[in-house]
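Scroll down for the structure; my scribbles are underneath it.
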Amino acid sequence: MIFLVDCNNFYVSCERIFRPDLKNVPVVVLSNNDGCIISRSNEAKKLGIKMGEPVFKINKFMKENNIRVFSSNFELYGEISNRVMKSLSKFSDDLEIYSIDEAFMSIKYSSDYSIIAKEIISNIKTDVGIPVSVGVSKTKTLAKVASSIAKNIDQNYSILKNELRIFQSLRNLPVHEIWGIGYRYSKFLNKNKIFTAIDLVNRNKNWILGNMNINVLKTTQELRGVECFPIINVPPSKKSITVSRSFREDIFNYLDLEKRVNDYAFRCSKKLREEKLRAYTLSVFIVTNRFKNNNKSYYYGFLSENFLASTNNYIDIVSMSNKILKKIFRRNLGYKKAGVILSDLSDINEYQSSYLKLPSKAQDSLMNSIDHINKIFGSNMVKLASQNFHDLSNDSRKKLSKKYMSSWKDLMDINI
DNA sequence: TCTGGGGTCCTAGGACCC
DNA sequence: TCTGGGGTCCTAGGACCC
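Under the working numbering, think of the first position of the first sequence as 63, with each following residue one higher.
Written out as structure tokens, the structure reads:
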């Protein structure tokens, strides 16, 4: 059987580990720039706060209802996530970490899956302090269905095993709640009189394939109990790496924009180096505010270029990002967001040869020194002169919690 | 004027996920 | 005034090859 273990309200639950006073009160976590709601406690959900809601629209409401608000502390959430996954790995070797707060695993031959589900829930609660839900069924897609049932019942786990229970669950499941059926497909399906998972399962396979794609067909097969999405326990290597940000205020000035783009290129390179990869292609994009002027003057600049040979050199990557930015920049526009994408990635150990560019040992050791210094003295100790001198990344996260797990001075004091 | 058959690769756009 | 960030996969159509 396939188990889906899903952390409840993950980011909020992370904040609560260190703040027991936040139990049973409404709590939300915000996106970058403190712009949108991205995680809500059950109490906040009950008050009607929606996922993705812009903060400025509900600021007043949140104050009136005494909702506790946090900026996103991804460093913390990442560390907690690692511990959850580690705790989980005791239960099965066949484990797929699907996202920061979810994992699939397969467990064979048990006479009572509910015992295992209970054990998982209590172990993660005591090991890490995070509440989780467990959905169990024959395929990943059905385990997802089970997990969403689990979230709404006290015991926090649900097992969909016999045909009748599966049928009843699918009959009550609107198509837009199926894993793999999003906004567009559910609109399309509704138009064709398909409203529930059972309606979809009963549709002809060729119709599904002809009107949507192979993955939707696989999804319906999974709902029938036929496995099409196996558990992938060795994570495939990354195909692209992105760093992008929205700005608090529109940027008109070229040099201001360039500094930001250079920052993102540098951080993108850093991620690339941490993954032990090289990149052959770099893309830069800049966009104006899509909410302004009824979208009339909307501009989306995007361009990709290739290096002479795959690289992980900070200087190569940042200067290429500059070169691309110059080509897509249009004057007199207010930019709201920019980003840098590295793609066409290859393993650092793969043999590199190009008659256009010879590898340079001196450059490699310079790059390693940058990494080394930044690792020891803090990640912004060495940068390129074209970047922002001051680190802007925390400017707009006004309600950030402490670095409980990554900074000596933020370790908690315990009074005995 | 008539105009084959069998392929590969790349890309943009659209869909989805958390 | 203020609206997130980071990913993957599929498909149709165009360009090209012999």
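Backbone N, C-alpha and C fix where the C-beta goes; we use that ideal spot for every residue, glycine too. These numbers were taken from a predicted model, which means no experiment stands behind them.
{"Asked": "DSSP three-state label for Val288, please.", "Found": "coil"}
{"Asked": "In three-state DSSP terms, what is Ala371?", "Found": "strand"}
{"Asked": "Helix, strand or coil for Met167 per DSSP?", "Found": "strand"}
{"Asked": "Tyr219 bridges to which residues according to DSSP?", "Found": "Val196"}
{"Asked": "Helix or strand or just coil, what does DSSP make of Ile162?", "Found": "coil"}
{"Asked": "Could you tell me the distance, in whole angstroms, from the CA atom of Leu285 to the CA atom of Tyr219?", "Found": "19 Å"}
{"Asked": "Shortest alpha-carbon distance to Asn144 belongs to which of Ile100, Tyr175, Cys76?", "Found": "Cys76"}
{"Asked": "Which residues share a DSSP beta bridge with Asp68?", "Found": "Glu164, Ser195"}
{"Asked": "According to DSSP, is Ala327 helix, strand or coil?", "Found": "helix"}
{"Asked": "Any idea if Asn264 is buried or exposed, counting beta-carbon neighbours within 10 angstroms, 16 or more meaning buried?", "Found": "exposed"}
{"Asked": "Using CA coordinates, which residue listed in Phe314, Ser408, Ala327, Arg352 is at the minimum distance from Ile386?", "Found": "Ala327"}
{"Asked": "How about Ile192 and Cys69: are their beta carbons less than 7 Å apart?", "Found": "yes"}
{"Asked": "Just verifying my parser: in three-state terms, what is the DSSP assignment at Asp457?", "Found": "coil"}
{"Asked": "Measure the alpha-carbon distance for Asn214 versus Tyr73 and round it to whole angstroms.", "Found": "19 Å"}
{"Asked": "How long is the line joining the alpha carbons of Ile294 and Glu336, rounded to whole angstroms?", "Found": "22 Å"}
{"Asked": "From the DSSP output, which residues share a beta bridge with Gly110?", "Found": "In the DSSP output, where bridge partners are listed per residue, Gly110 has none listed."}
{"Asked": "Count the other CB atoms, across all protein chains shown, that sit within 10 Å of the CB of Glu158; report buried if there are 16 or more and exposed otherwise.", "Found": "buried"}
{"Asked": "Per DSSP, what kind of secondary structure is Val89 in: helix, strand or coil?", "Found": "strand"}
{"Asked": "If you draw a straight line from the C-alpha of Ile177 to the C-alpha of Phe353, how long is it?", "Found": "51 Å"}
{"Asked": "Going by other Cβ atoms of all chains shown within 10 Å of its Cβ, with 16 needed for buried, is Gly401 buried or exposed?", "Found": "buried"}
{"Asked": "Helix, strand or coil: which one does DSSP assign to Pro82?", "Found": "helix"}
{"Asked": "Got a sec? Which residues, its chain only, sit under 8 Å from Asp378 by beta carbon, not counting five neighbours each side?", "Found": "Phe369"}
{"Asked": "Only counting the same chain, and skipping five residues up and downstream in sequence, which positions put a Cβ closer than 7 Å to that of Val190?", "Found": "Ile142, Arg145, Val146, Ser149"}
{"Asked": "In whole angstroms, give me the CA-to-CA distance for Met429 and Cys330.", "Found": "14 Å"}
{"Asked": "Where do the ends of the beta strand (DSSP E) carrying Gly401 lie?", "Found": "397-409"}
{"Asked": "Under 8 Å by Cβ, that's how I've got Val237 and Met63 pegged, so tell me the actual separation to the nearest angstrom.", "Found": "Val237 to Met63, Cβ: 25 Å. No contact."}
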